[in-house]
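Participant:
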Amino acid sequence: MGQVGLFYGSSTGKTEAVAYQMKDLFDKAKPGLVDIANIGSTTPEQFLGYQYLICGIPTWNTGQLQDDWAIFVPKLKGKDMKGKKVAIFGLGDQNGYGFNFLDAVGTLADDLMDCGAQLWGMWSTKEYQFNESKAQVEDLFLGLGVDEEGQSERTSARLQAWVAQIVKEFEV
Ligand SMILES: Cc1cc2nc3c(=O)[nH]c(=O)nc-3n(C[C@H](O)[C@H](O)[C@H](O)COP(=O)(O)O)c2cc1C
3 MGQVGLFYGS
13 STGKTEAVAY
23 QMKDLFDKAK
33 PGLVDIANIG
43 STTPEQFLGY
53 QYLICGIPTW
63 NTGQLQDDWA
73 IFVPKLKGKD
83 MKGKKVAIFG
93 LGDQNGYGFN
103 FLDAVGTLAD
113 DLMDCGAQLW
123 GMWSTKEYQF
133 NESKAQVEDL
143 FLGLGVDEEG
153 QSERTSARLQ
163 AWVAQIVKEF
173 EV
């Protein structure tokens, strides 16, 4: 078992594809560090078995958690995540959903921090154009933002930079 669990939910496959690209980058940096799984087939015990967690989540239905995450998150209620380091990446569409861009990242971040988790992986909002986001705190997102509809040409560079950032911040 690796040290870091990378869990994703994905309704039309985009977050899944990005999650596997990210896993390849981690494998290059630190072979064997990261295990990957779909949150839709993960138990809370499996999730909480990791000290370091990466969560991949798209926003769906105008500001909502992706379905598998929406089913999973309530199962964490009352669980203790103190001392765990967590980082989130989110997929969203800034042109189509500019008033709810990456909202699920903000909601999931709040839910995990409510369980005591430490949140890492903040990312500048500078390169994005949107009106409102629950993921935004001042000039940062509470995780990496990926937009495969509007900015797919930037995804690869974003993933590389964020993976390097996470390896440093997690100190793994
Ligand atoms: C019906 C619908 C609602 C969506 N709502 C949002 C939204 O509120 N905010 C956002 O940033 N993206 C929204 N999106 C864009 C998705 O997050 C984006 O397509 C994402 O890449 C899908 O990831 P998946 O294929 O892993 O499920 C929406 C897309 C659809 C089709």
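Per our numbering, the very first residue in the sequence shown carries number 3; after that it's consecutive.
Even for Gly, the Cβ is constructed at its ideal location relative to N, Cα and C.
1) Does the beta-carbon of G15 have 16 or more other beta-carbons within 10 angstroms, so that it is buried, or is it exposed?
2) Please state the DSSP three-state secondary structure of L110.
3) Let me know if S126 comes out buried or exposed under the rule of 16 or more other beta-carbons within 10 Å of its beta-carbon.
4) Cutting at 7 Å between CB atoms, please list the residues of its own chain near A119, excluding the five before and the five after it.
5) Quick one: is the Cβ of P121 within less than 8 Å of any heavy atom of ligand 1?
6) Excluding the five sequence neighbours on either side, which residues of its own chain have a C-beta within less than 7 Å of the C-beta of A21, listed in chain order?
7) In this structure, what does DSSP give as the bridge partners for T61?
8) May I ask you to check if the CB of Y99 is nearer than 8 Å to at least one heavy atom of ligand 1?
9) Is W62 near ligand 1, with its Cβ less than 8 Å from a heavy atom?
10) Is there at least one non-hydrogen atom of ligand 1 closer than 8 Å to the beta-carbon of D105?
11) What are the residues that DSSP puts in a beta bridge with K87?
12) Run through DSSP, which three-state label would Y22 get?
13) Please state if the CB of Y130 and the CB of D149 are separated by a distance shorter than 9 Å.
14) Give me the Cβ distance between Q68 and P60, rounded to the nearest whole Å; I'm assuming they're in contact under 8 Å.
15) Pull up the DSSP beta-bridge partners for F9, would you.
16) Rounded to whole angstroms, what is the Cα-Cα separation between F101 and R156?
17) So for Q162, helix, strand or coil by DSSP?
18) Considering just the uninterrupted stretch of the beta strand (DSSP E) at G147, what are its terminal residues?
Facilitator: From the atom records:
1) exposed
2) helix
3) exposed
4) M83, K86 and V88
5) It should be pointed out that residue 121 corresponds to Leu in this sequence rather than to Pro. False, no ligand heavy atom lies under 8 Å from that Cβ.
6) L8, Y10, I38 and G58
7) L67
8) yes
9) yes
10) yes
11) Y54 and Q120
12) helix
13) yes
14) 5 Å
15) A39 and C57
16) 21 Å
17) helix
18) L146 to V148
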